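**Student:** Take a look at this one; I'll ask things after.
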Amino acid sequence: MQPGSESPCASPIVSKERRIIGIAIAPGIAVGTPHVRLGALSLPERLSPPSQIRQGPSLFRVEQEIARFRSALDLSRRDVQLVQNQMQNDGVHEGVEILDAHLMMLRDPMITDYIEDKVRATQQTLENVIHGFIEDCQRKFSRISDDAFRLRLQDIQDVINRILGHLTSLHEPATAGAAPEGAILIAREISPSLVAEAERFHSTGFVSFHGGETSHAAIIARARGLPFVSRIELSSDLLNGVDLLIVDGYTGSVILNPTLQTLDLYQRRAEDLRDCLRLLEVERMLPALMMDGSPMVLSANIKFLDELENLYRDPFEGIGLYRSECLIDPNLGALPLEEQQFQAYCQLVRSSKQHGAVIRVFDLGGDKPSGLLIDRNLAFEANPFLGCRGLRLLLRYPEVLQTQLRAVWRASLYGRVRLLAPMVTSPAEFQVFRHEVERARRTLLEEGFLLPKHLELGAMIEVPGAAIMSRELAKQADFLSIGTNDLTQYTLAVERGNSMLADLFNPFDPSVLRLIQFVCQQAQLECTPVAVCGELASDPKAAPILLGLGVQELVVSPRSFPLLKHTIRSLHPALARELAVECCAARDGDEVRKMAAWFIKNHCPTAAILGA
Amino acid sequence: MKIIRKVRVTHPLGLHIRPAAELARIVQNSKSQVKLTYRQETVDPRSIVSVLTLAIQRDSVVTLCVEGEDGAHVMEQIVHTLNHHLGAPASGIHEVHDAARV
Chain A
204 MQPGSESPCA
214 SPIVSKERRI
224 IGIAIAPGIA
234 VGTPHVRLGA
244 LSLPERLSPP
254 SQIRQGPSLF
264 RVEQEIARFR
274 SALDLSRRDV
284 QLVQNQMQND
294 GVHEGVEILD
304 AHLMMLRDPM
314 ITDYIEDKVR
324 ATQQTLENVI
334 HGFIEDCQRK
344 FSRISDDAFR
354 LRLQDIQDVI
364 NRILGHLTSL
374 HEPATAGAAP
384 EGAILIAREI
394 SPSLVAEAER
404 FHSTGFVSFH
414 GGETSHAAII
424 ARARGLPFVS
434 RIELSSDLLN
444 GVDLLIVDGY
454 TGSVILNPTL
464 QTLDLYQRRA
474 EDLRDCLRLL
484 EVERMLPALM
494 MDGSPMVLSA
504 NIKFLDELEN
514 LYRDPFEGIG
524 LYRSECLIDP
534 NLGALPLEEQ
544 QFQAYCQLVR
554 SSKQHGAVIR
564 VFDLGGDKPS
574 GLLIDRNLAF
584 EANPFLGCRG
594 LRLLLRYPEV
604 LQTQLRAVWR
614 ASLYGRVRLL
624 APMVTSPAEF
634 QVFRHEVERA
644 RRTLLEEGFL
654 LPKHLELGAM
664 IEVPGAAIMS
674 RELAKQADFL
684 SIGTNDLTQY
694 TLAVERGNSM
704 LADLFNPFDP
714 SVLRLIQFVC
724 QQAQLECTPV
734 AVCGELASDP
744 KAAPILLGLG
754 VQELVVSPRS
764 FPLLKHTIRS
774 LHPALARELA
784 VECCAARDGD
794 EVRKMAAWFI
804 KNHCPTAAIL
814 GA
Chain B
74 MKIIRKVRVT
84 HPLGLHIRPA
94 AELARIVQNS
104 KSQVKLTYRQ
114 ETVDPRSIVS
124 VLTLAIQRDS
134 VVTLCVEGED
144 GAHVMEQIVH
154 TLNHHLGAPA
164 SGIHEVHDAA
174 RV
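Protein sequence lines correspond, in order, to chains A and B.
Count along the first sequence from 1, add 203, and you get the number used in our numbering.
Count along the second sequence from 1, add 73, and you get the number used in our numbering.
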């Protein structure tokens, strides 16, 4: 299937611009001609020779096949090493590591010996044996229910494809199917090697039907700064007559046959972006200080422990929120044991260095699956968002809470740990939580554990009632953390997932901002620091307003570190305070959004260009 | 000397490609015979592919059997290196230790 070759006959059709939205998995912008590889999993076709090795004394043929296999292996190893060296020079460490694993697979007896033995035993052609091997692997992996593991099949397949590629090119040297300069590679799935060797294939951007942010291909694409958009099914029908397309790895869209204006716009954007990114790179390692030198805490919002790996690239100030409910595996049929939790928290504490980690106790119920706290009454809640969730739910299961608290206390010996309670409604509820924490400490002490004297406790402000009572909460808690998603939902009485009300859900609404302002003022009276987590914190447009309102810490996804750092560094606190006052006085959320956009455009143009 | 130990895999993604590569490297550089058993299947961790096809998910317990002159050191390395790979977070295998207990 090669839609590219069909385009000339489709010339009478006037090509119209078309925009398709997928998901962005690596940022950047690329403009180029489509290069389509729509083979099943991009595996080269099974080669024509019949399954049995043809004529001649079979022993000789078999040895010939094996020699062919060995030279293809050699060539494959050499390729990978070459690409790896280049990545090493470019400082793409993630890529180096992934290719290291590929090299090991190329030396793996499970592949090399297995295939040679099979060729000898069955006297089949090398290609057939290799295809059989892949099918074998596919069968083995298809039994596995875990997505993360099925993804790994991609790496094995990738290595095998490389060997197959060399086998084919040994037959007929010039069949690499080289794409034209600056092509956009379109495939069902894109392998890590294709991204690693983008230059060789002349690819400047990638579009795939499947694949997510955690695939190795995506990791390498991000490390190399190549745009990659996934979940877009570009069938050959759609691509018919398309000779130019744009991949926008910021918004996750693909534009087919862009008009001159669009093209112009994107080309200019691409240039601006390049300049801006260079600027971000310069500031990346600097501290998050505002123009007057006053510091701002920028900490990480973490869901899975493997995200910690990526944290080391940016200097960060601890882990501002670890959502411990992500430790719960719904397939396992049991909550994580104290020991498992302890290990996880220790890992967290060790990687957050001196700044410490904030662990939020299990936040279940509402939109999150209630996990294993199966309460028959819970299923019949008419309104789960106003029902038993967060701290309310956890307090009904003291044994579950105690197990978690014990693990946290024990981990706190290894570094600074702070504990956060989700969905606190009243100071009394928080008081009960504090008692539970104390109870866990007492039992551990009785059992002979060494423990620190004190564990900092924080309350999440997600309920308007808690925001109004923030003075009392601030008195009891060591810190407050505002969850903007739920606070917006409860303040405006708009469910976040309701598409009919999507335009009403606006965290920039002045009512929400005034609540945040109130919380900051009240907490200041008690000298309790206030952090903001939730999506608003990661939005560079919101940063000046939040800082102006008196928030001291932004808890954001590690991906937003560079952009937010740049935004903070171009802010003057006096101007931010002025903006915050104006925003609180605005009529509605849209007006605030406009003001925020204007502010960013004027005070931090780089962030505005980068899609803030 | 033959050392047998049960180890729990605590990496969120299980014993996936990177820890498996690390494991293979240790075994390849050792003078010992290493066997990894999981769900009644035993493989040679020298082969990254065979370790991957076991699909060892998070929190599974695997049995490691090391035999050879440098056995103790290799076993320690397997646990240690995977534990401190990239400064801890990427650890693939974790043994249950508790220094806090008096």
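Heads up, the beta-carbon is just placed ideally off N, CA and C, and yes, glycines get one too.
Predicted model, so just to flag it, every value in this text is computed and none were measured.
1) What are the partner residues of residue 410(A), as DSSP defines its beta bridges?
2) Could you name the residues of chain B that residue 185(A) contacts, counting a contact when the two beta carbons are closer than 7 Å?
3) Does the Cβ of residue 219(A) have 16 or more other Cβ atoms within 10 Å, making it buried, or fewer, making it exposed?
4) Reducing DSSP to helix, strand and coil, say where residue 380(A) ends up.
5) Ignoring anything shorter than 4 residues, give me the alpha helix (DSSP H) runs that lie fully in the region 487-550 of chain A, in order along the chain.
6) How long is the line joining the alpha carbons of residue 377(A) and residue 369(A), rounded to whole angstroms?
7) Per the contact definition of three or more C-beta pairs closer than 8 Å, is the region 480-489 of chain A in contact with the region 724-735 of chain A?
8) Here's the rule: buried if 16 or more other CB atoms are within 10 angstroms of the residue's CB, otherwise exposed. What is residue 288(A)?
9) Alpha helix (DSSP H) containing residue 611(A): first to last residue?
10) Assuming residue 856(A) contacts residue 789(A) (C-beta within less than 8 Å), just tell me the rounded distance between them.
11) Any C-beta of chain A within less than 8 Å: which residues of the region 93-104 of chain B qualify?
12) For my contact list, residue 695(A) and residue 501(A) are in at a C-beta cut-off of 8 Å; report their separation, rounded to the angstrom.
13) Can you tell me whether residue 233(B) is buried or exposed, with buried defined as 16 or more other CB within 10 angstroms of its CB?
14) Who pairs with residue 743(A) in a beta bridge, going by DSSP?
15) Around the C-beta of residue 452(A), are 16 or more other C-beta atoms found within 10 angstroms, so that it is buried, or is it exposed?
16) Going by DSSP, what residue range makes up the alpha helix (DSSP H) through residue 313(A)?
17) Using the rule of at least 16 other Cβ atoms within 10 Å of the residue's Cβ for burial, across every protein chain shown, is residue 769(A) buried or exposed?
18) Pick from 506(A), 301(A) and 221(A): whose alpha carbon is nearest that of residue 762(A)?
19) Would you say residue 361(A) reaches chain B, if we count a Cβ-Cβ gap shorter than 7 Å as a contact?
20) For residue 77(B), count the other beta carbons within 10 Å of its own beta carbon; 16 or more makes it buried, fewer makes it exposed. Which is it?
21) From the DSSP output, in three-state form, read off residue 653(A) for me.
22) Is it true that the CB of residue 497(A) sits closer than 7 Å to the CB of residue 522(A)?
23) Nearest CA to the CA of residue 394(A): which residue from 415(A), 538(A), 385(A) and 384(A)?
24) Taking only the alpha-carbon atoms, compute the straight-line gap between residue 464(A) and residue 470(A) and give it to the nearest angstrom.
25) Going by the DSSP bridge assignment, what does residue 111(B) pair with across the sheet?
26) For residue 88(B), which residues in the same chain have their Cβ closer than 7 Å to its Cβ, ignoring the five residues on either side in sequence?
27) In or out: residue 242(A) buried (at least 16 other Cβ within 10 Å) or exposed?
28) Please report the straight-line C-alpha distance between residue 811(A) and residue 640(A), rounded to a whole angstrom.
29) So with CB distances below 9 Å, who are the chain A contacts of residue 119(B)?
30) Quick check on residue 790(A): does DSSP put it in helix, strand or coil?
31) Just the Cα atoms here: how many angstroms apart are residue 709(A) and residue 117(B)?
32) What does a CB cutoff of less than 7 Å around residue 286(A) pick up in its chain, not counting 5 residues either side in sequence?
33) Under a Cβ-count criterion, where at least 16 other Cβ atoms within 10 Å of its own Cβ denotes burial, should residue 504(A) be classed as buried or exposed?
34) When you compare only the Cα positions, how much space is there between residue 635(A) and residue 558(A)?
35) Check the C-beta distance from residue 700(A) over to residue 664(A) and give it rounded, since I have them as a contact under 8 Å.
**Tutor:** According to the structure shown:
1) For the purposes of this step, residue 410(A) is taken as the residue at position 207 of the first sequence. 389(A) and 432(A), per the DSSP bridge assignment.
2) Beyond the ends of chain A as shown, which are 204 and 815, falls residue 185(A); an answer cannot be given.
3) In the first sequence, counting from the first residue as 1, residue 219(A) sits at position 16. Exposed is the call here.
4) The residue you call residue 380(A) lines up with position 177 of the first sequence. With a pLDDT of only 49 at residue 380(A), under the threshold of 50, the placement of this residue in the model should not be trusted, and no figure is reported.
5) 511-514
6) Taking the first sequence and counting its residues from 1, the one referred to as residue 377(A) is at position 174. Taking the first sequence and counting its residues from 1, the one referred to as residue 369(A) is at position 166. With a pLDDT of 32 at residue 377(A), under the threshold of 50, the modelled position of this residue cannot be trusted, and the question is left open.
7) no
8) If you number the first sequence from 1, residue 288(A) lands on position 85. So residue 288(A) counts as exposed.
9) For the purposes of this step, residue 611(A) is taken as the residue at position 408 of the first sequence. Here the alpha helix (DSSP H) through residue 611(A) covers 601-614.
10) As displayed, chain A neither begins before 204 nor continues past 815, which places residue 856(A) out of reach and without an answer.
11) 93, 94, 97 and 98
12) Indexing the first sequence from 1 puts residue 695(A) at position 492. Indexing the first sequence from 1 puts residue 501(A) at position 298. With 8 Å as the limit, residue 695(A) and residue 501(A) do not qualify as a contact, their Cβ atoms being about 28 Å apart.
13) Since the displayed chain B opens at 74 and closes at 175, residue 233(B) lies outside it and no answer follows.
14) Here residue 743(A) refers to the residue found at position 540 when the first sequence is read from its first residue. BP columns for residue 743(A) are empty, so no partner.
15) What you label residue 452(A) is simply residue 249 of the first sequence in a count that begins at 1. Per the 10 Å Cβ criterion, buried.
16) Translated into positions along the first sequence, residue 313(A) becomes position 110. Unbroken alpha helix (DSSP H) run through residue 313(A): 312-325.
17) Locating residue 769(A) in the first sequence gives position 566, counting from the first residue. Looking at its Cβ environment, which holds 16 or more other Cβ atoms inside 10 Å, residue 769(A) is buried.
18) For this step, residue 762(A) is matched to residue 559 along the first sequence. Selected option, being the one with the closest Cα: 506(A).
19) For the purposes of this step, residue 361(A) is taken as the residue at position 158 of the first sequence. Cβ-Cβ to chain B under 7 Å: no for residue 361(A).
20) Counting from one through the second sequence, the residue named residue 77(B) turns up at place 4. Under this definition residue 77(B) is an exposed residue.
21) Your numbering for residue 653(A) matches position 450 in the first sequence. If DSSP states are grouped into helix, strand and coil, residue 653(A) belongs with coil.
22) What you label residue 522(A) is simply residue 319 of the first sequence in a count that begins at 1. What you label residue 497(A) is simply residue 294 of the first sequence in a count that begins at 1. No, these two residues do not count as a Cβ contact at 7 Å.
23) Reading the first sequence from its first residue, position 191 is the one you call residue 394(A). Out of 415(A), 538(A), 385(A) and 384(A), 415(A) has the C-alpha closest to the C-alpha of residue 394(A).
24) Counting from 1 along the first sequence, the entry for residue 464(A) is found at position 261. Counting from 1 along the first sequence, the entry for residue 470(A) is found at position 267. For residue 464(A) and residue 470(A), the distance between alpha carbons rounds to 10 Å.
25) Counted from its first residue, the second sequence places residue 111(B) at position 38. Per DSSP, 114(B).
26) Walking along the second sequence from the start, residue 88(B) turns up at place 15. Correct list, in chain order: 82, 124, 129 and 165.
27) Locating residue 242(A) in the first sequence gives position 39, where the first residue counts as 1. At residue 242(A) the pLDDT is 49, less than 50, meaning the model places this residue with poor confidence; the figure from the coordinates comes in the next sentence. Its Cβ having fewer than 16 others within 10 Å, residue 242(A) is exposed.
28) Counting from 1 along the first sequence, the entry for residue 811(A) is found at position 608. Counting from 1 along the first sequence, the entry for residue 640(A) is found at position 437. So the alpha carbons of these two residues sit roughly 44 Å apart.
29) Translated into positions along the second sequence, residue 119(B) becomes position 46. Per Cβ cutoff of 9 Å: 311, 312 and 313.
30) As a position in the first sequence, residue 790(A) is number 587, starting the count at 1. Here residue 790(A) sits in coil by DSSP.
31) Counted from its first residue, the first sequence places residue 709(A) at position 506. Counted from its first residue, the second sequence places residue 117(B) at position 44. Residue 709(A) and residue 117(B): Cα-Cα distance of roughly 56 Å.
32) As a working mapping, residue 286(A) is identified with position 83 in the first sequence. The answer, listed in chain order, is 302, 399 and 400.
33) Position 301 of the first sequence holds residue 504(A). By the 10 Å Cβ count, residue 504(A) comes out buried.
34) Mapped onto the first sequence, residue 635(A) falls at position 432. Mapped onto the first sequence, residue 558(A) falls at position 355. Near 28 Å, if we compare the C-alpha coordinates of residue 558(A) and residue 635(A).
35) Counting from one through the first sequence, the residue named residue 700(A) turns up at place 497. Counting from one through the first sequence, the residue named residue 664(A) turns up at place 461. Contact flag wrong, Cβ pair sits at about 21 Å.
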